[in-house]
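These notes are about the structure you will find just below.
Number of protein chains: 4
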Amino acid sequence: MTDIATAQRLAEAVAAALYQRDHAARGMGITVLEIRPGFARMAMTVRPDMLNAHDICHGGYTFALADTTFAYACNNRNHVTVAAGCDIVYPAAAHLGDGLTAVAEEKLLRGRSGIYDITVTRQTGEVVALMRGQSRRIEGKVIPEL
Amino acid sequence: MTDIATAQRLAEAVAAALYQRDHAARGMGITVLEIRPGFARMAMTVRPDMLNAHDICHGGYTFALADTTFAYACNNRNHVTVAAGCDIVYPAAAHLGDGLTAVAEEKLLRGRSGIYDITVTRQTGEVVALMRGQSRRIEGKVIPEL
Amino acid sequence: MTDIATAQRLAEAVAAALYQRDHAARGMGITVLEIRPGFARMAMTVRPDMLNAHDICHGGYTFALADTTFAYACNNRNHVTVAAGCDIVYPAAAHLGDGLTAVAEEKLLRGRSGIYDITVTRQTGEVVALMRGQSRRIEGKVIPEL
Amino acid sequence: MTDIATAQRLAEAVAAALYQRDHAARGMGITVLEIRPGFARMAMTVRPDMLNAHDICHGGYTFALADTTFAYACNNRNHVTVAAGCDIVYPAAAHLGDGLTAVAEEKLLRGRSGIYDITVTRQTGEVVALMRGQSRRIEGKVIPEL
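Protein chains in written order, with numbering that gives the first Met the number 0: chain A, 0 to 145; chain B, 0 to 145; chain C, 0 to 145; chain D, 0 to 145.
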């Protein structure tokens, strides 16, 4: 198998293992759409229990979708990796029933530190959140090596 | 009644109204501990459905507690106010059963824009998240004027 | 002239006008390499007076190059626009004599607010800074309309 | 000598050594007003060569004052420490001749990582910048141990 095919197979296996253990992501109805090394695309639908007092999607849930997608992108080379910090802006609000999609892309990986850009859009294509995440690799593997 | 007492009574009434409408905060078991003008202190216990694949509290839930506390601080003068952006760092992980407390303090308020600092600690006093939020006041009141 | 050609001519005229008035940028030896609507590419060489006590380029000067490039990108549609906030990370240090290039790209423009990504690289291609800037359009034109 | 007096003497000696080597800070006319362990207060006057095309203090120079003050706070326990990332907001503009003061305070120190809050004010007391910096301790001492 080529290196690229191996990396892809590993990325998918890691994502599957993460998802199986990820009570939080499954509880929010987050689903995995696409995995590539250093990349993830995931989806979530805004439910009634995700609305805040202004009757829009609570920033915490939008953040959670972005943060989860970030985690699946930065862990999928099978090195346990955590978020060191994130910043997020909300150009538009998400509403009940909106189908949100988040894409996480590796912007930079240097030693144990990485920078990822995460974009969350509604079904209309409108951007509802832009996150930039700093990752830090710690000890350990997510799954036993293939 | 003094101005200070009026502002305090308004802040508490706004927080109570927000909480009643806030499906997301109540769904996460977030409770209001203390409200003052421009200030809020709130709590949340880490539940099994809040754990991620690394078996620690999902960053989205820690963020959601911080973000909720920020919202109750920046809205409680009764001007509808939204988060324009946030950045968060996670100095330590939160675990199952941890009792988290978030404190949101107004650092600066200038025209329609504000800056709030939010600190989330575990029951041990250890800091698990530091957030800085930028708020932006929009049109409207949270509740009818007292 | 097409709309695209007009926008390009305007962007270049605005950048030229900004540069002529920009004591700070010229004092740091910053030069303009490329201007397109919502985009700028600029350069700076690290001088001895830009070194800090660790004998590397002072973060303030790296930031200043990134911030200047951001300004030329977000103002070049001829609406006066200021930075509301920025975050920057430094994946690597810049050293004496390094030729730095900054590229600012518009990530999002919505109403009066925008998000720009700025990347600063050394002559080797290594990334020395990643900035994300939030812009806010205020009243006024940079130059009289063409 | 007490531990406190020793830490204070060390912090002052480190700051003096940093300043002597710091071409960038001295070139900008930055001065040291107060040093304590994990704390620094520094000043800078806005000069004509610091003005940008909008005729206000270039964000890079305001940033540089904040960043320098941050560096003197996070290095003064004599462990070489670098900025891993910063975010800054500008609540107000600084103008020609303004006397700016920056205060950097340690918010959190955990292992090799720290969080510092830096506030820059004008002579009127108005806040012109709020920065939050993430520090990372690397190998080495700033000066030989006292």
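Note that the Cβ used here is the ideal one computed from N, Cα and C, for glycine as well.
N- and C-terminal bounds of the alpha helix (DSSP H) containing residue i
| i | result |
| --- | --- |
| Glu33(A) | No alpha helix (DSSP H) holds Glu33(A); the beta strand (DSSP E) holding it covers Thr30 to Arg35. |
Residue i versus residue j - alpha carbon distance
| i | j | result |
| --- | --- | --- |
| Tyr71(D) | Ala14(D) | 6 Å |
| Leu108(D) | His78(D) | 13 Å |
| Lys140(C) | Asn74(C) | 9 Å |
| Thr67(B) | Ala24(B) | 7 Å |
| Ala93(B) | Ala52(B) | 13 Å |
| Leu17(B) | Thr1(C) | 52 Å |
| Ile142(C) | Arg20(C) | 12 Å |
| Ala91(A) | Glu125(A) | 8 Å |
| Leu50(C) | His22(D) | 6 Å |
| Glu138(A) | Asp97(D) | 49 Å |
| Arg135(D) | Ile117(D) | 16 Å |
| Thr44(A) | Phe62(A) | 13 Å |
| Glu11(C) | Gln7(B) | 54 Å |
| Val31(D) | Arg76(A) | 46 Å |
| Gly59(A) | Met27(A) | 11 Å |
| Ala4(A) | Ile3(C) | 42 Å |
| Gly113(C) | Val119(A) | 16 Å |
| Gly37(C) | Gly110(C) | 14 Å |
| Glu144(C) | Leu9(C) | 8 Å |
| Glu33(D) | His57(B) | 41 Å |
| Ala106(C) | Val81(C) | Note on residue identity: the sequence assigns Lys, not Ala, to residue 106(C). Rounded to whole angstroms, Lys106(C) to Val81(C) spans 16 Å at the Cα level. |
| Arg46(B) | Phe69(C) | 43 Å |
| Thr123(D) | Gln133(D) | 28 Å |
| Glu104(D) | Tyr115(B) | 16 Å |
| Arg35(D) | Leu95(B) | 39 Å |
The beta strand (DSSP E) enclosing residue i, as first and last residue numbers
| i | result |
| --- | --- |
| Cys85(D) | His78 to Val88 |
| Gly113(C) | Ser112 to Thr120 |
Reduced DSSP category for residue i - H, G, I as helix; E, B as strand; rest coil
| i | result |
| --- | --- |
| Gly132(B) | strand |
| Asp2(B) | helix |
| Glu104(B) | strand |
| Arg20(A) | helix |
| Ala65(B) | helix |
| Gly124(A) | coil |
| Glu138(C) | strand |
Anticipated Cβ contact below 8 Å, residue i with residue j, distance rounded
| i | j | result |
| --- | --- | --- |
| Ile55(A) | Met41(A) | The Cβ separation is near 21 Å, so there is no contact. |
| Val88(B) | Ala83(A) | 7 Å |
| Arg121(D) | Leu99(D) | 6 Å |
| Ala65(C) | Ala128(C) | 6 Å |
| Asp86(B) | Asp86(C) | 6 Å |
Those residues which DSSP pairs with residue i across a bridge
| i | result |
| --- | --- |
| Ala72(C) | In DSSP, Ala72(C) forms no bridge with anything. |
| Met43(C) | Leu99(C) |
| Leu50(D) | Cys56(D) |
| Arg109(A) | Ser112(A) |
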